[in-house]
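Okay, structure first, notes after.
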Amino acid sequence: MTLTVLNPATEEPIAELEQAGAEEADAAVARAKAAFPAWRAVAPGDRARLLRRLATLVEEHGEELAQIESRNVGKPISGARGEVGMVAQVFHFYAGAVDKHHGETIPVAGGVAATFREPLGVVGLIVPWNFPLNISSWKLGPALACGNTVVLKPAELTPLSAIRLSELCLEAGIPEGVVNVLAGKGSVVGQRLIEHPDVAKIGFTGSTEVGRLVMQGAAGTIKRVTLELGGKSANVIFEDADLEQAAASAPYAVFDNAGQDCCARSRILVHRSVYNRFLDLLVEATRGVKVGDPGDEFTEMGPLISAAHRETVASFLDDSVQVAFRGDAPGGPGYWFPCTLVEAANEDRIAREEVFGPVAAVIPFEDEADAIRIANDTPYGLSGSIWTRDGARALRVVRAVEAGVLSVNANTSVRVQTPFGGFKQSGFGRELGMHGLDGYSEVKSVFISTEG
Ligand code: NAD
């Protein structure tokens with residue numbers, strides 16, 4: 211069966227691919243299984259060298275990869291270039307980490323106890339369409355560094371950059387069979403990987419709904435799973451914050467990638483005493499977001515990924531919603547949606563469910579305890595921000611908020627060196643940094659007797 215890949219900014223086909231099914235998934239797992247013994251035996255220094263070569267190839271092909279990602283996802287080209295830069299950094303980081311993720315010797319009676327980090331075997335990596343190349347690299351880097359072989363399934367809407375990356379893996383000298391990429395449906399190829407007895411682990415990023423299916427499916431073979439799921443993160447603005455700076459930064463925190471970002475700070479909680487002033491500043495800042503052709507260097511927001519997704523996003527804005535601002539967006543073709551700010555209560559559907567589009571709910575709070583209560587009143591727990599000039603309050607609030615990745619007086623979530631992942635129904639397991647390696651290795655404990 212053929213898979214037609216579209217440009218969401220123009221609705222035009224940009225590629226026709228052969229769609230993989232369950233048989234191709236089985237064949238890819240078999241190739242990865244056959245490649246595993248030789249790959250795990252590669253000397254650490256050589257594995258590091260191959261990953262470093264891959265990082266360099268990503269840099270050399272940076273513009274090509276950014277153009278692919280921009281056309282396939284509708285991302286502004288400037289953002290796509292930044293993301294490809296991060297992909298190279300991820301491979302550089304894990305090249306450096308290969309021989310630094312090691313075991314221990316532990317004092318015990320009667321001998322020596324030691325731990326070893328062992329690869330898992332074949333790992334299945336399932337990624338979404340919002341940051342296809344980036345999220346692939348967050349999984350691929352540590353998986354390869356630990357000595358696993360991989361079957362990577364990109365989302366069916368956005369397979370192109372992962373396919374190109376698999377070619378660069380071969381060019382870097384990573385042996386055939388170590389990295390296998392399959393463009394196919396989640397319900398077919400993804401499901402097959404989840405249930406396959408020769409797949410040891412699933413590294414999954416996507417919706418909480420599909421995350422539940424991954425957990426259920428993995429139970430049959432007690433597969434390891436890492437789940438990076440949805441979010442409904444809070445951007446908490448206290449009355450003593452630098453309101454101008456917080457308001458200037460807030461649109462980026464929710465409209466970047468057209469709001470299709472698991473870390474989107476889509477609930478903006480504002481202390482009641484500065485609510486009106488902050489809202490005015492926020493509306494002005496949002497008015498300034500440049501929406502349009504993703505190929506234009508100055509564009510800040512492109513279209514949504516698909517017609518179906520645009521319908522879902524629009525469904526949140528029914529008559530019950532109090533719209534504070536709606537920006538401009540091109541008419542079409544393309545799946546455009548304007549930046550939208552709504553005034554809401556945390557009980558409203560728009561503040562409870564992940565919209566995954568350029569829509570932010572602005573919610574007042576009364577005091578610090580109320581801010582923490584509202585921030586935590588969600589099934590999700592991925593990221594969030596706290597804006598205040600009071601250092602002690604910043605620390606109290608970050609410790610109290612139930613989320614995996616927080617920033618103070620900033621809205622960024624992702625760094626190559628630091629762990630990334632969720633609390634509650636935003637998932638479990640950590641990616642990036644040295645923590646990312648834990649999800650792709652098993653700890654083996656060995657006792658060696660020293661008694662006669
Ligand atoms: P999705 O859950 O629909 O799909 C994610 C991946 O799972 C795709 O590759 C898809 O083909 C596959 N899939 C779908 N059904 C499957 C099944 N039954 N079995 C196995 N695989 C299946 O998510 P999406 O719409 O592509 O992405 C958006 C979601 O991803 C949002 O909820 C967002 O918050 C989340 N996300 C989370 C993070 C994070 O790190 N926490 C990062 C990015 C996106």
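Residue numbers for the sequence shown follow my numbering, so the first one is 211 and each next one is one higher.
Yeah, the Cβ is synthetic: ideal placement off N, Cα and C, and Gly gets one too.
- Message: Just to check my reading of the structure: Glu-521 and Gly-440 have Cβ atoms closer than 8 Å, yes? What is that Cβ distance to the nearest angstrom?
- Response: The Cβ separation is near 18 Å, so there is no contact.
- Task: Give the DSSP bridge partners of Ala-571, in chain order.
- Result: Arg-477 and Val-552
- Query: How many angstroms separate the CA atom of Phe-575 from the CA atom of Arg-482?
  - Reply: 6 Å
- Does the ligand NAD have a heavy atom nearer than 6 Å to the CB of Gln-401? yes
- Please classify Glu-226: does DSSP put it in a helix, a strand, or coil? strand
- Within the same chain, show all residues whose beta-carbon is closer than 6 Å to that of Gly-289, passing over the 5 residues directly before and after it, in chain order. none
- Around the C-beta of Pro-589, are 16 or more other C-beta atoms found within 10 angstroms, so that it is buried, or is it exposed? exposed
- Please classify Ser-525: does DSSP put it in a helix, a strand, or coil? helix
- Does the separation of the CB atoms of Val-239 and Val-409 fall below 7 Å? yes
- DSSP state of Ile-560 mapped onto helix, strand, coil: helix
- Message: Out of Leu-378, Ile-287, Gly-400 and Thr-325, which one is the CA nearest neighbour of Phe-301?
- Response: Leu-378
- Message: Checking the sheet assignment: what are the DSSP bridge partners for Gly-334?
- Response: Val-361 and Ile-412
- Please list, in chain order, all residues of the same chain as Asp-538 whose beta carbon is under 8 Å from its beta carbon, the five residues on each side excluded. Val-501 and Pro-548
- Item | Cα-Cα separation between Ser-617 and Ser-476, rounded to whole angstroms | 15 Å
- Nearest-angstrom beta carbon gap, Thr-436 and Val-337 [assumed within contact, 8 Å]: The pair is not a contact, with the Cβ atoms about 12 Å apart (cut-off 8 Å).
- Item | Candidates Glu-228, Leu-492 and Met-644: closest to Ile-573 by CA position | Leu-492
- Task: Quick one: give me the first and last residue of the beta strand (DSSP E) that Phe-535 is part of.
- Result: 532-536
- Message: Would you say the beta carbon of Val-420 is closer than 6 Å to some non-hydrogen atom of the ligand NAD?
- Response: yes
- Task: Only counting runs of 3 or more residues, tell me where the beta strand (DSSP E) segments fall wholly within the segment 561-638, in order along the chain.
- Result: 569-575, 593-597 and 615-618
- Message: Give me, in chain order, the residues of the same chain whose beta-carbon lies closer than 8 Å to that of Glu-405; leave out the 5 immediate sequence neighbours on both sides.
- Response: Gly-427, Gly-430 and Thr-431
- Grab me the residues of Gly-421's own chain with a C-beta within less than 7 Å of its C-beta, minus the 5 sequence neighbours each way, in chain order. Phe-414, Leu-437, Leu-439 and Gly-637
- By how many angstroms is the C-alpha of His-312 removed from the C-alpha of Gly-251? Here the sequence assigns Ala to residue 251, which means Gly is not the residue at that position. Near 16 Å, if we compare the C-alpha coordinates of His-312 and Ala-251.
- Do you know whose CA, among Asn-445, Ile-658, Val-626 and Ser-459, lies nearest Leu-647's CA? Val-626
- Near the ligand NAD: Pro-338 beta-carbon under 6 Å from a heavy atom: yes
- Message: Under 8 Å, with one C-beta from each stretch per pair, do the segment 217-233 and the segment 512-530 reach the 3-pair mark?
- Response: yes
- Item | Selection from Glu-234, Thr-214, Ile-584 and Ile-224 that minimises the alpha carbon distance to Ile-447 | Ile-584
- Query: In chain order, which alpha helix (DSSP H) runs of at least 4 residues are fully inside the segment 233-296?
  - Reply: 254-270 and 272-283
- Just how far apart, CA to CA, sit Gly-394 and Ala-237? 14 Å
- Task: Within 10 angstroms of the Cβ of Met-296, are there 16 or more other Cβ atoms? Answer buried if so, exposed if not.
- Result: buried
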